[in-house]
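Undergrad: Below is a structure I'd like to ask you about.
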Amino acid sequence: MDVFAKIPTELVAAILADLPDFKSLHNIVRASPGVYRFLNSPLGVAILDGLLDSWGFSASYGSLTTDGDSRKRHVMITDLGVTCWVPYILRLIALARDFSTENQPADGLKSSILELIAPSKNLEGVPATRTTPPHCVPRIRLKDVLGGRRAFSAHEMLFLIRRLLALSGECFDFFLERIKSASPHHLAEKPSFLAQRPLWGHLPGSQPWGQPYEINAGEEVSWYETQRIILGFCTLQLRYELSNAVYEGRLDWPADDVKAIRHMGKGDPCVPILEKSNIQLSWEPMWAAAIYVAFLKGVPNESSCVGGTHIEHNRLGVFFDTGFQPLKEEHLRLPRPKGENSSLEWPKTVVRQPKAFYSGKVLYPHDEIVMSGSKGSRWAADILCPPRGRRMTEGLLFRPFRRLGFGIWDDERMAHMEMIDDPSAEGNNPRRFRLWGEDQAFTWTSLLSGEEKQELRAYQEVLRLEKKK
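When we follow the UniProt record's numbering, the leftmost residue of the sequence shown carries the number 1, and every step to the right adds one.
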């Protein structure tokens, strides 16, 4: 019996308005045909809008604990929603689904980015991705973009959120299993000029350079990692929606803009004004999502691990050449989660809570890590292409490390895996690696497969011969 069918609409709205989260709303919608229909009404859309608002701000903090004499006191966050970018991108997804020939958001991709994602008060300045959506972006409300002929319905939006969360959980497990199967090595000794010796060679006496160790990849996902993966799937879905709008004739943008939307093979900025922007750092989670989507679709991801990194102009070139194929000119949608069953239950995730720091009056989680990645990810360009010149990693792209989850791991996991020194360690703690040293590059490169190592050797030999000409 559907008890909500006999309750006045205003009372249904009042009951649903008190629900704490999307999971509660989802469970009621599944159980009650009346609430399912109600959700598509203006009152129902307002309920969804309210939950979307609160999702990006729900945070309660536990007791304060002092870490010795440290100036920073660590606080465990007991409950936290999502980074504010997730609800905002979900609204952009709904907006893109509502595009029509009469309702164009802007005249092109550049103007849309500058208006909706990275506005800059100074037109000559460099737009930058911020930890939260800028106050000057448009305030998009679901009541204005849901329910149209092509638009999402409210329950479709709710089920999309569920799918994004389910895929995000599976994506983490996918990369965790991959990195657990790796067999990394540390240098047995630390020579000053590693480039003068054969890569992965042997020391005198046939002793191998590398000392194997068992990788400690940890278990449960952290809040930071969850946020990055969710952000990645949201961004990928937004890209799908823009491509679909073009395919269905609802978006009339220049051909170069359409190519930029669909061209997944390059991670560099899609429009010239973003060439010096940090926006590409926030795209890294999208490539992780794309790798898992390709896996679910049975599409192999065996792109080369080497290429032109152009570090003489920009060391971030190691990230730019992603190796992905362009999006197809067809209707695109995210696949069903691998573990989805007929019950369609809300995804369950046990999250390792992050730490916030209390210094003076400010208490905050590190939203910057969500947007820009861990230090391991952000340092990758300097590790693979050190400031003093390329050596053993010359020509090596970020692709093989992206396939092992390096674009989503947080600092704590990277430190436990012994890929970086613990950034939170006190200054008197011994460091495993020299700053941007070849010893750290060696450990990273030891993760390559045998085929990838051979490919890197061959590529570097070609580069060496070209330099001799």
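Ideal Cβ placement from N, Cα and C applies to all residues, glycine included. Note that the structure is predicted; figures quoted are calculated from it, not measured.
1. My guess is that Glu340 and Ala96 are in contact by the Cβ rule of under 8 Å, so how many angstroms apart are they, rounded?
2. Span of the beta strand (DSSP E) holding Gly376?
3. Taking C-beta to C-beta, are Val82 and Glu220 nearer than 7 Å?
4. Assuming contact is defined by CB atoms lying nearer than 7 Å, are Val318 and Glu455 in contact in what I supplied?
5. Using the Cα positions of Ser222 and Trp409, report the straight-line distance between them to the nearest angstrom.
6. Given Ser374, which residues of its chain have a CB within under 7 Å of its CB, disregarding the five upstream and five downstream residues?
7. If we ignore side chains and look at the alpha-carbon of each, how far apart do Val137 and Pro87 end up?
8. Give the secondary structure of Pro285 by DSSP, where H, G and I count as helix, E and B as strand, and everything else as coil.
9. Would you please state the rounded distance, in angstroms, between the beta carbons of Tyr292 and Phe174? I believe it to be under 8 Å.
10. Use the C-beta contact count for residue 478: other C-beta atoms within 10 angstroms, 16 or more gives buried, fewer gives exposed.
11. Cβ atoms of Leu142 and Leu231: under 7 Å apart, would you say?
12. How many Å lie between Met286 and Ser24 at the Cα?
13. At which residues does the beta strand (DSSP E) containing Lys210 begin and terminate?
14. Within 10 Å of its beta-carbon, does Arg434 have 16 or more other beta-carbons around it, so buried, or fewer, so exposed?
15. Quick one: grab the DSSP three-state call for Asp107.
16. In three-state DSSP terms, what is Arg352?
17. Could you give the distance in angstroms between the alpha-carbon of Leu327 and the alpha-carbon of Met264?
18. Measure the alpha-carbon distance for Lys453 versus Tyr224 and round it to whole angstroms.
19. Below 8 Å on the Cβ atoms is my contact criterion, and I expect Leu39 with His155 to pass it. Report the Cβ-Cβ distance as a whole number of Å.
20. Output the distance between the C-alpha atoms of Thr393 and Ala458, rounded to the nearest integer angstrom.
21. So for Val306, helix, strand or coil by DSSP?
22. Out of Leu448, Cys234, Gln460, point me to the one whose CA is closest to Ser181's CA.
TA: Per the coordinate set shown:
1. 24 Å between Cβ atoms; not a contact.
2. Gly376 -> not in any beta strand (DSSP E); alpha helix (DSSP H) instead, spanning 375-378.
3. no
4. no
5. 9 Å
6. Trp409, Asp410, Asp411, Met414
7. 13 Å
8. helix
9. 5 Å
10. Only positions 1 to 469 of the chain appear in the structure, and residue 478 is not among them; the question remains open.
11. no
12. 28 Å
13. For the record, residue 210 in the displayed sequence is Gly; it is not Lys. It spans 210-212 - the beta strand (DSSP E) in which Gly210 sits, taken as one unbroken run.
14. exposed
15. coil
16. strand
17. 7 Å
18. 31 Å
19. 5 Å
20. 12 Å
21. strand
22. Leu448
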